[in-house]
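Undergrad:
2 protein chains.
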Amino acid sequence: MRVVIVGSGAAGLTTASTIRKYNKDIEIIVLTREKYIAYSPCAIPYVIEGKIKDFDDIIMHSPEDYKRKRNIDIIIESEVIDIDSNKNKVKYIKDGKEEEIEYDYLVLATGSTPFIPPIEGVNLEGVFTVKTVEDGKKILEYSENSKSVAIIGAGAIGLEMAYALKERGLDVLVVEMAPQVLPRFLDPDMAEIVQKYLEDKGIKFILSKPLEKILGDKKVKGICVDKKVYDVDMVILSTGVRPNIELAKKAGCNIGKFGIKVNDKMQTSVSNIYAVGDCVEVIDFITKEKTLSPFGSTAVRQGKVAGKNIVGIPCKFPPVLNSAISKIGDLEVGGTGLTAFSANLKRIPVVVGKIKALSRARYYPGGKDLIVKLIFGENKKILGAQIVGYERVAERIDALTLSIFNRLTADDLAMGEFCYAPPVKMVNEPISLAAEDALNKFNK
Amino acid sequence: MRVVIVGSGAAGLTTASTIRKYNKDIEIIVLTREKYIAYSPCAIPYVIEGKIKDFDDIIMHSPEDYKRKRNIDIIIESEVIDIDSNKNKVKYIKDGKEEEIEYDYLVLATGSTPFIPPIEGVNLEGVFTVKTVEDGKKILEYSENSKSVAIIGAGAIGLEMAYALKERGLDVLVVEMAPQVLPRFLDPDMAEIVQKYLEDKGIKFILSKPLEKILGDKKVKGICVDKKVYDVDMVILSTGVRPNIELAKKAGCNIGKFGIKVNDKMQTSVSNIYAVGDCVEVIDFITKEKTLSPFGSTAVRQGKVAGKNIVGIPCKFPPVLNSAISKIGDLEVGGTGLTAFSANLKRIPVVVGKIKALSRARYYPGGKDLIVKLIFGENKKILGAQIVGYERVAERIDALTLSIFNRLTADDLAMGEFCYAPPVKMVNEPISLAAEDALNKFNK
Numbered sequence: 029m030r031v032v033i034v035g036s037g038a039a040g041l042t043t044a045s046t047i048r049k050y051n052k053d054i055e056i057i058v059l060t061r062e063k064y065i066a067y068s069p070c071a072i073p074y075v076i077e078g079k080i081k082d083f084d085d086i087i088m089h090s091p092e093d094y095k096r097k098r099n100i101d102i103i104i105e106s107e108v109i110d111i112d113s114n115k116n117k118v119k120y121i122k123d124g125k126e127e128e129i130e131y132d133y134l135v136l137a138t139g140s141t142p143f144i145p146p147i148e149g150v151n152l153e154g155v156f157t158v159k160t161v162e163d164g165k166k167i168l169e170y171s172e173n174s175k176s177v178a179i180i181g182a183g184a185i186g187l188e189m190a191y192a193l194k195e196r197g198l199d200v201l202v203v204e205m206a207p208q209v210l211p212r213f214l215d216p217d218m219a220e221i222v223q224k225y226l227e228d229k230g231i232k233f234i235l236s237k238p239l240e241k242i243l244g245d246k247k248v249k250g251i252c253v254d255k256k257v258y259d260v261d262m263v264i265l266s267t268g269v270r271p272n273i274e275l276a277k278k279a280g281c282n283i284g285k286f287g288i289k290v291n292d293k294m295q296t297s298v299s300n301i302y303a304v305g306d307c308v309e310v311i312d313f314i315t316k317e318k319t320l321s322p323f324g325s326t327a328v329r330q331g332k333v334a335g336k337n338i339v340g341i342p343c344k345f346p347p348v349l350n351s352a353i354s355k356i357g358d359l360e361v362g363g364t365g366l367t368a369f370s371a372n373l374k375r376i377p378v379v380v381g382k383i384k385a386l387s388r389a390r391y392y393p394g395g396k397d398l399i400v401k402l403i404f405g406e407n408k409k410i411l412g413a414q415i416v417g418y419e420r421v422a423e424r425i426d427a428l429t430l431s432i433f434n435r436l437t438a439d440d441l442a443m444g445e446f447c448y449a450p451p452v453k454m455v456n457e458p459i460s461l462a463a464e465d466a467l468n469k470f471n472k
Numbered sequence: 029m030r031v032v033i034v035g036s037g038a039a040g041l042t043t044a045s046t047i048r049k050y051n052k053d054i055e056i057i058v059l060t061r062e063k064y065i066a067y068s069p070c071a072i073p074y075v076i077e078g079k080i081k082d083f084d085d086i087i088m089h090s091p092e093d094y095k096r097k098r099n100i101d102i103i104i105e106s107e108v109i110d111i112d113s114n115k116n117k118v119k120y121i122k123d124g125k126e127e128e129i130e131y132d133y134l135v136l137a138t139g140s141t142p143f144i145p146p147i148e149g150v151n152l153e154g155v156f157t158v159k160t161v162e163d164g165k166k167i168l169e170y171s172e173n174s175k176s177v178a179i180i181g182a183g184a185i186g187l188e189m190a191y192a193l194k195e196r197g198l199d200v201l202v203v204e205m206a207p208q209v210l211p212r213f214l215d216p217d218m219a220e221i222v223q224k225y226l227e228d229k230g231i232k233f234i235l236s237k238p239l240e241k242i243l244g245d246k247k248v249k250g251i252c253v254d255k256k257v258y259d260v261d262m263v264i265l266s267t268g269v270r271p272n273i274e275l276a277k278k279a280g281c282n283i284g285k286f287g288i289k290v291n292d293k294m295q296t297s298v299s300n301i302y303a304v305g306d307c308v309e310v311i312d313f314i315t316k317e318k319t320l321s322p323f324g325s326t327a328v329r330q331g332k333v334a335g336k337n338i339v340g341i342p343c344k345f346p347p348v349l350n351s352a353i354s355k356i357g358d359l360e361v362g363g364t365g366l367t368a369f370s371a372n373l374k375r376i377p378v379v380v381g382k383i384k385a386l387s388r389a390r391y392y393p394g395g396k397d398l399i400v401k402l403i404f405g406e407n408k409k410i411l412g413a414q415i416v417g418y419e420r421v422a423e424r425i426d427a428l429t430l431s432i433f434n435r436l437t438a439d440d441l442a443m444g445e446f447c448y449a450p451p452v453k454m455v456n457e458p459i460s461l462a463a464e465d466a467l468n469k470f471n472k
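Sequences listed follow chains S and B, in order.
Each number in my numbering corresponds to the 1-based position in the first sequence with 28 added.
Each number in my numbering corresponds to the 1-based position in the second sequence with 28 added.
Have a look at this one:
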């Protein structure tokens, strides 16, 4: 039996490794456009910042490693051009030559492509997106001869890049269409804390305005926002990603509103074709609507599900909350589930609990602010959570994600059991305090 | 209406503050033997270690603060000697004079007393327990003229004190009757990591042996264990605590196997007497048996429950898992629910998942070992968890406590949603990896 996987990101390679973990005999072939595999795109801003020394550090395995340790064949720099799902064949180009390969199972892990706004100047020298190791290397090189940069998009990658390039000594201007930073997982009040932190570092922001134009002849010289010109030497577009669905279409797989349609086994409408990672649609746990989940951790989980199902181990991919965490400078920022803002848009009535607490006992040195915001439905069930702090945020977000999935109430969290020791916690867990704050509003 | 509270620890003062939060009129009087109130006994080792500068730092409020800010009367250095629950009267001695006070509600927050083993020499100069600020001050003073110390009992406080006194330059010998350190919340394999860490710092251990005798004329000169003599200048007894139940008995409250009996409102068998904190029995969530929960965080939660019920807000104290966390030097050690060892004693068959992972992405600088052990029942439901690491342990323990309360399975945790960013997490959450390790054993 042969499984062909298209794509060498976290989703594709996890599928490959999972199949091999449970089955030594299946032939596994991974086709990838990329030159470097098994790296973490989320790490790119931290290499540019200098926290991680070199791009080589974030490449965890070579194709030779995969062959030697797991007997997985990875064909790099190969571009799949067609899929014939009746004949179970994939056509690809490698070294300028067209090749064909048959499969028993095909896995589409085709990922996503950075969205490029349809405006003037996006093709100028000095305009970058942040997706591949090559992107990272080019940004780093170009930044060495640049004095200023405009970051378009204030999502997690945008802000991480803004901080990184500020650290490298550039003047940084962030332009965001939404009226706040991190609109995908923070409410305006929480986003303000993050923006203030970055402003204190000298980063400038233009909110509520789209980028109109990138200016320059050959190279970037500036940008135009709200009819004003800002001189910058480089532009980074971090305006989201779009799922790569072209190959799935060619294979005859059904496509949904956002991406490739799959069932909870990660199987497409073509029974021997699976799809995983940024290119597929998933289900939102709260709204039950279709959504995207372009996260490395989602890709890994989906790869495990697809791999297990292909070898015959039943396994389901559950609905998502798209919990997110970002480390921007010293700040740790996380969110999960619904924001109060998005609940409002969906006309879901909510009650909010919010508290400013500390990460350690008040008298224990080194404790830092920890701001916790919890969003509850009318039935007191928790629907979302946001935390901004300097330490111990990520695992609290995980605990709150678990709380949402298990439909815990404000009472459960206010009276919940949390461990305690002065160096790591307040005796009153901040999550409990925020839940109590909400309870007081329910009781009014 | 008047509420009298006996005891000024976390349980008593939280009860007082909770009553005041919801009712401005009730008269609240706290009677306490102690001179200092509102301090954290868990912080004592960290003052001795020098992490916290002064004992004054861990005293968070004065009786005057309580009077001024919350209109709560705290009568310090007052010893309650009798309770007449027919006449609703408390008798106490203050400044050598006997006083009497009537109550509408009485709250017993009488706490616990360190257990003193019934052996020779426990009254010698240089023998200490670790409970009050005065204890801490005496230990610190005595340690300044001491070269060596024996710590009796390798629970969390024992090990925290061992580390603290080693840091102050003393030779430290830890004596523990059980064959391992931290027997209450770690299995032997996890305890070994902690012991090894402390041995590397130069701390010595004698396990599986009881302390037989403390030697000396007036002052401590040594201890005798397994018929051998070890020269030490001071001895710290950290051999657990016993609930203070004498006043409850005098009041006619029912006493259980371990402590004062209360219902889930924290009400004793006498309807207008509540009891909270170390002195009461609670219910173990897993075994449904009675147990103790002598933790500051439990005391606070019980105080909130008692306070709310007294002012008429319904609120229940749920069964406990006794989740625990300790920071010993750089090591963060946590546990919740059943250990494999205790499951074995109770003849509960379990399957264990264990993994050594990292606290950050492999390539991100500063990542440290994180060892996660999960204990599952035969139905794959999680029953317990233990983590030893250097960062980000406490909140993982909380997430696992939530998982036990919500009866999650190994499948749920293996496929669970966890947020991810390279500076704070591996893309594969260690909890998921440990759950997968267990699943592989279930499938065999």
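We put the beta carbon where it would ideally sit given N, CA and C, even for glycine.
Which residue comes first and which comes last in the alpha helix (DSSP H) that contains Met218 (chain B)?
TA: For the purposes of this step, residue 218 (chain B) is identified with residue 190 of the second sequence, where counting begins at 1. Segment 216-228, the alpha helix (DSSP H) holding Met218 (chain B).
Undergrad: Using a C-beta cutoff of 7 Å, does Val452 (chain S) count as contacting chain B?
TA: Start at 1 with the first residue of the first sequence, and residue 452 (chain S) comes out as number 424. So yes, Val452 (chain S) belongs to the interface.
Undergrad: Could you name the residues of the same chain whose beta carbon sits closer than 6 Å to that of Asn51 (chain S), not counting the 5 residues immediately before and after it, in chain order?
TA: Along the first sequence, read from residue 1 onward, the residue named residue 51 (chain S) stands at position 23. Around Asn51 (chain S): Val339.
Undergrad: Would Val269 (chain B) be called buried (16 or more neighbouring beta carbons within 10 Å of its own) or exposed?
TA: One-based indexing of the second sequence puts residue 269 (chain B) at position 241. Flag for Val269 (chain B) reads buried.
Undergrad: Please report whether the beta-carbon of Ser325 (chain S) lies at a distance below 7 Å from any beta-carbon of chain B.
TA: As a working mapping, residue 325 (chain S) is identified with position 297 in the first sequence. For Ser325 (chain S), the answer is yes, since a Cβ of chain B falls inside 7 Å of its Cβ.
Undergrad: Taking the C-alpha atoms as reference points, what is the distance between Val304 (chain B) and Glu107 (chain B)?
TA: The count along the second sequence starts at 1 and reaches residue 304 (chain B) at position 276. The count along the second sequence starts at 1 and reaches residue 107 (chain B) at position 79. Taking the straight line joining both Cα atoms gives about 18 Å.
Undergrad: Using 8 Å as the Cβ pair cut-off and three pairs as the minimum, do the stretch 347-365 of chain B and the stretch 207-222 of chain B touch?
TA: yes
Undergrad: Using the beta-carbon of each residue, which ones in chain S are nearer than 9 Å to Thr27 (chain B)?
TA: Only positions 29 to 472 of chain B appear in this structure, which leaves residue 27 (chain B) out of reach.
Undergrad: Compare the C-beta of Asp465 (chain S) against all C-beta atoms of chain B and say whether one is closer than 7 Å.
TA: Counted from its first residue, the first sequence places residue 465 (chain S) at position 437. Contact with chain B is absent for Asp465 (chain S), since none of that chain's Cβ atoms lies less than 7 Å from the residue's Cβ.
Undergrad: Using a Cβ-Cβ cut-off of less than 7 Å, list which residues of the stretch 81-97 of chain B approach chain S; keep chain order.
TA: Asp85, Ile86, Met88
Undergrad: With a floor of 4 residues, list each alpha helix (DSSP H) that falls wholly inside the stretch 237-299 of chain S, ordered by position along the chain.
TA: Within the stretch 237-299 of chain S, the complete alpha helix (DSSP H) segments of 4 residues or longer fall at 274-278, listed in chain order.
Undergrad: What residues in the stretch 342-375 of chain B have a beta carbon less than 8 Å from any beta carbon of chain S?
TA: Cys343, Lys344, Phe345, Pro346, Val348, Leu349, Ser351, Ala352, Ile353, Ser354, Lys355, Glu360, Gly362, Thr364
Undergrad: In the stretch 160-203 of chain B, which residue ranges form an unbroken alpha helix (DSSP H) of at least 4 residues, counting only runs that do not cross its ends?
TA: 161-171, 184-195
Undergrad: Mind checking who Arg30 (chain B) pairs with in its DSSP beta bridge?
TA: Counted from its first residue, the second sequence places residue 30 (chain B) at position 2. Answer by DSSP bridge pairing, in chain order: B:Glu55.
Undergrad: How long is the line joining the alpha carbons of Val378 (chain B) and Phe470 (chain B), rounded to whole angstroms?
TA: For the purposes of this step, residue 378 (chain B) is taken as residue 350 along the second sequence, with counting starting at 1. For the purposes of this step, residue 470 (chain B) is taken as residue 442 along the second sequence, with counting starting at 1. If I take the Cα positions, the gap works out to 10 Å.
Undergrad: Count the other CB atoms, across all protein chains shown, that sit within 10 Å of the CB of Ser140 (chain S); report buried if there are 16 or more and exposed otherwise.
TA: The residue given as residue 140 (chain S) occupies position 112 in the first sequence. Classification of Ser140 (chain S): buried, given that the 10 Å Cβ count is 16 or more.
Undergrad: Shortest alpha-carbon distance to Phe286 (chain B) belongs to which of B:Glu309, B:Ile76, B:Lys95?
TA: The residue given as residue 286 (chain B) occupies position 258 in the second sequence. Distance check between Phe286 (chain B) and each of B:Glu309, B:Ile76, B:Lys95 places B:Glu309 closest, using alpha-carbon atoms only.
Undergrad: Which same chain residues, not among the five before or five after Tyr225 (chain S), have their C-beta less than 6 Å away from its C-beta?
TA: As a position in the first sequence, residue 225 (chain S) is number 197, starting the count at 1. Cβ within range, chain order: Leu359.
Undergrad: Give me the subset of the stretch 400-414 of chain S whose CB atoms are less than 7 Å from a CB atom of chain B, sorted by chain position.
TA: Using a CB distance below 7 Å, no part of the stretch 400-414 of chain S faces chain B.
Undergrad: 7 Å is my cut-off, CB to CB: does Ala422 (chain S) come that close to chain B?
TA: Residue numbering aside, residue 422 (chain S) sits at position 394 when the first sequence is read from its first letter. Closer than 7 Å to some Cβ of chain B, the Cβ of Ala422 (chain S) qualifies, so yes.
Undergrad: Applying the 10 Å Cβ sphere with the 16-neighbour rule, what's the burial state of Ile144 (chain B)?
TA: If you number the second sequence from 1, residue 144 (chain B) lands on position 116. Classification of Ile144 (chain B): exposed, given that the 10 Å Cβ count is below 16.
Undergrad: Relative to the alpha-carbon of Lys249 (chain B), which residue among B:Lys278, B:Lys117, B:Ala178 has its alpha-carbon at the smallest distance?
TA: In the second sequence, residue 249 (chain B) corresponds to position 221, counting from 1. Residue B:Ala178 is the option with its Cα nearest to Lys249 (chain B).
Undergrad: Residues of chain B with CB closer than 8 Å to the CB of Ser68 (chain S), please, in chain order.
TA: Looking up residue 68 (chain S) in the first sequence gives position 40. In chain order: Ala389, Tyr391, Pro450, Val455.
Undergrad: Pull out every residue of the stretch 117-128 of chain S whose Cβ sits closer than 7 Å to any Cβ of chain B, in chain order.
TA: none
Undergrad: Excluding sequence positions up to five away, which residues of its chain have a Cβ less than 7 Å from the Cβ of Lys318 (chain B)?
TA: The sequence position of residue 318 (chain B) within the second sequence is 290, counting from 1. Cβ within range, chain order: Gly284, Lys285, Phe286, Glu309, Ile311.
Undergrad: Would you kindly report the start and end of the unbroken alpha helix (DSSP H) that includes Lys97 (chain S)?
TA: For the purposes of this step, residue 97 (chain S) is identified with residue 69 of the first sequence, where counting begins at 1. Counting along the chain, the alpha helix (DSSP H) containing Lys97 (chain S) begins and ends at 91-98.
Undergrad: With the cut-off set at 7 Å, would you say Thr364 (chain B) and Leu428 (chain B) are in Cβ contact?
TA: The sequence position of residue 364 (chain B) within the second sequence is 336, counting from 1. The sequence position of residue 428 (chain B) within the second sequence is 400, counting from 1. It is a contact, given that the beta carbons lie within the stated cut-off.
Undergrad: In three-state DSSP terms, what is Asp84 (chain S)?
TA: In the first sequence, counting from the first residue as 1, residue 84 (chain S) sits at position 56. Here Asp84 (chain S) sits in helix by DSSP.
Undergrad: Given that a residue counts as buried once 16 or more other Cβ atoms are within 10 Å of its Cβ, and exposed if not, what is Lys316 (chain S)?
TA: Along the first sequence, one-based indexing puts residue 316 (chain S) at 288. Exposed, because fewer than 16 other Cβ atoms sit within 10 Å of the Cβ of Lys316 (chain S).
Undergrad: Per DSSP, what are the beta-bridge partners of Ser354 (chain B) in this structure?
TA: Working through the second sequence from its first residue, we reach residue 354 (chain B) at position 326. Answer by DSSP bridge pairing, in chain order: B:Val361.
Undergrad: Is the beta carbon of Lys237 (chain B) within less than 6 Å of some heavy atom of the ligand FAD?
TA: The model on display carries no ligand, and the ligand FAD is accordingly not part of it.
Undergrad: Could you check where the beta strand (DSSP E) with Asp397 (chain B) kicks off and where it finishes?
TA: By one-based count along the second sequence, residue 397 (chain B) stands at place 369. Secondary structure note for Asp397 (chain B): its beta strand (DSSP E) is the uninterrupted segment 397-405.
Undergrad: Name the one or two DSSP bridge partners that Asp101 (chain B) has.
TA: Indexing the second sequence from 1 puts residue 101 (chain B) at position 73. Note: Asp101 (chain B) sits in a beta bridge opposite B:Ile57.
Undergrad: If you reduce the DSSP assignment to three classes, tell me which class Thr315 (chain S) lands in.
TA: By one-based count along the first sequence, residue 315 (chain S) stands at place 287. In the three-state reduction of the DSSP assignment, Thr315 (chain S) falls in the coil class.
Undergrad: Could you check which residue in B:Ile410, B:Ile356, B:Gly395, B:Lys374 has the C-alpha nearest to that of Gly381 (chain B)?
TA: As a working note, residue 381 (chain B) is residue 353 in the second sequence. Of the candidates B:Ile410, B:Ile356, B:Gly395, B:Lys374, the one whose C-alpha sits nearest the C-alpha of Gly381 (chain B) is B:Ile410.
Undergrad: Please state the DSSP three-state secondary structure of Phe345 (chain B).
TA: As a first step, residue 345 (chain B) must be located in the second sequence, where it is residue number 317. If DSSP states are grouped into helix, strand and coil, Phe345 (chain B) belongs with coil.
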